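Following full-length UniProt numbering, the numbering of the sequence shown begins with 1 at its first residue and continues without gaps. Just so it is clear, CB atoms sit at the ideal spot from N, CA and C, and this is done for glycine as well. Keep in mind that this is a model prediction, so the values were computed, not measured.
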Amino acid sequence: MKNTKWKKNATAALALFLVLSCAAAAYASGDGAIPREKWMDLLYRAMNFAGLAFILVFFLKKPFSDGLSSRRAGIKDQLEALESRKAEAEQLYKEAEAKLARLDEEVNSIITEAVKQGEAEKAKIVADAERNAGDIKRQAEMAIAHELAEAKTRLKGEIAEQAVLLAEELVKKNIQPADQSRMVELSLEKVGGIQ
């Protein structure tokens, strides 16, 4: 409170000193004889200025003071927020440093894990390929066996046809008219016996 009152008094004294300094400068610039009207004009202007300053201080003191105190509080809040953010940033920085320190270990473990997975995948692919090769081999063997069986069947059929044709030719060459008549009679008997 004393400090505030001292500041008010010092401000008022400074304003008075400035007004008197201006008056002394005006007096010194002339021939020394300032007419009474000019002194009265100067006094009137100084009083107007002092009155205006008093009115401004009286009416604007509280809003200006409130504005400054709210600004001070806002700045204080901002500083506190910045301090807390600074502390958080420092904490995050320390955590990042720790993660960077462990990064080499993590990279090595990831590489090791990837190699293990690659080896397991390789073994799986090789096993699948071997199984598929075995399946293909079995299918090929079955196809060959099937083709061989069909070829044998066709060959037997062709051999049978050739045998029938040869037998027919032999029979045609070796059959006599008497044999032919006897065969017809036997056939008729068989047909007659059936009825």
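Euclidean distance between Cα positions of residue i and residue j
| i | j | result |
| --- | --- | --- |
| Ala81 | Glu90 | 14 angstroms |
| Leu56 | Ala96 | 56 angstroms |
| Ser187 | Ile175 | 16 angstroms |
| Leu79 | Glu88 | 14 angstroms |
| Lys99 | Ile75 | 35 angstroms |
| Ala12 | Phe49 | 12 angstroms |
| Ala15 | Cys22 | 11 angstroms |
| Ala10 | Lys94 | 52 angstroms |
| Pro35 | Phe59 | 36 angstroms |
For residue i, the three-state DSSP class (helix, strand or coil)
| i | result |
| --- | --- |
| Gln139 | helix |
| Gln117 | helix |
| Gln78 | helix |
| Ile111 | helix |
| Leu175 | Contrary to the premise, residue 175 reads as Ile rather than Leu in this sequence. DSSP places Ile175 in coil when its eight states are reduced to three. |
| Pro35 | coil |
Closer than 6 angstroms: residue i CB and nearest the ligand FMN heavy atom
| i | result |
| --- | --- |
| Leu188 | The ligand FMN is not among the ligands present in this structure, which contains no ligands whatsoever. |
Cβ distance (whole Å) where residue i is taken to contact residue j below 8 angstroms
| i | j | result |
| --- | --- | --- |
| Val19 | Ala53 | Not really, about 10 angstroms apart at Cβ, beyond 8 angstroms. |
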